[in-house]
Amino acid sequence: MRLVLIRHGQTPSNVLGLLDTAPPGPGLTELGITQAALVPDVVAGEPIQAIYASTATRARQTAEPLADRLGLSVNIRGDIREIAAGDWEMLDDEHAVRGYLTLIGEWMAGRFDARSPGSAGESGHDVLQRFDRVVHEVASSGVDGAALVAHGAINRLWASVRAVNLPDDFGAEHALRNTGVVVLEGDLVEGWTVVSWSGAELDREAAPDAASAPDDDPFDETIPVPGSP
1 MRLVLIRHGQ TPSNVLGLLD TAPPGPGLTE LGITQAALVP DVVAGEPIQA
51 IYASTATRAR QTAEPLADRL GLSVNIRGDI REIAAGDWEM LDDEHAVRGY
101 LTLIGEWMAG RFDARSPGSA GESGHDVLQR FDRVVHEVAS SGVDGAALVA
151 HGAINRLWAS VRAVNLPDDF GAEHALRNTG VVVLEGDLVE GWTVVSWSGA
201 ELDREAAPDA ASAPDDDPFD ETIPVPGSP
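Have a look at this one:
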């Protein structure tokens with residue numbers, strides 16, 4: 001089957017560079033609405049028979065145009081919400097942003113016990129296991145393809161770590177801009193292979209997505225991975 005991971009459209013917090021991870025969060029900007037409207041055309045060739053979105057308002061709003069085009073309902077699942085920033089939530093300073101990105105880099109290096117700070121923080125094990133639960137549900141449902149409308153950091157992490165054809169730190173250097181898409185193919189037995197990342201095949205450098213714009217979004221930044229050159 002095909003898994004189509006879609007990052008939500010632009011939000012005010014993306015523009016401001018805030019670590020805004022807690023649901024439900026803000027809705028889309030005008031540009032974000034435009035980006036979401038283009039998603040059905042971007043994924044038109046995929047056999048999408050089910051649509052899932054996180055509990056974040058921005059994910060649901062991004063999923064709606066695709067659902068309308070395909071005549072499907074949007075299944076809301078909290079387990080594909082963004083990686084919790086914990087005590088860094090809603091901060092934009094360099095210490096917080098570096099801390100958040102460095103944490104994800106630790107996970108990409110296999111150090112899954114590391115946690116985001118505070119009572120709302122979570123470990124790499126927590127994040128991967130909750131996303132896995134939704135993937136297991138989708139793959140067990142019998143559909144040929146499904147779209148999961150989620151978030152930049154969690155999509156980069158899960159696709160990199162779970163794909164059998166990528167190094168675990170692939171997502172560190174390959175960002176997903178708003179409405180960026182990762183397409184995977186496979187199943188629960190053989191595992192998942194990334195077919196394309198941000199519209200680019202894996203033998204080419206991932207390219208920026210259409211209708212994206214420069215901003216201070218921390219979720220677009222390179223993730224530092226321990227031991228990388």
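Reading the sequence shown from the start, the letters are residues 1 to 229 in full-length UniProt numbering.
A virtual CB, placed ideally from N, CA and C, is assigned to each residue, including glycine.
- In the structure shown, Val134 falls within a helical segment according to DSSP collapsed to helix, strand and coil.
- In this structure Asn165 is exposed. Its beta-carbon is surrounded by fewer than 16 other beta-carbon atoms within 10 angstroms.
- Assignment of beta-bridge partners to Trp158 by DSSP yields no partner.
- Val39 counts as buried, since at least 16 other C-beta atoms from the protein chains shown sit within 10 angstroms of its C-beta.
- Taking the Cα positions, Ala109 is about 19 Å away from Leu176.
- With at least 16 other beta carbons inside 10 angstroms of its own, Ala56 counts as buried.
- Shown here, Gly145 sits in a strand according to DSSP, grouped into three states.
- Restricting attention to beta strand (DSSP E) runs no shorter than 3 residues, the stretch 68–121 encloses them at 74–76, ordered along the chain.
- Minimum Cα-Cα distance from Pro117 among the listed residues Leu184, Glu106, Asp217, Gly86 corresponds to Gly86.
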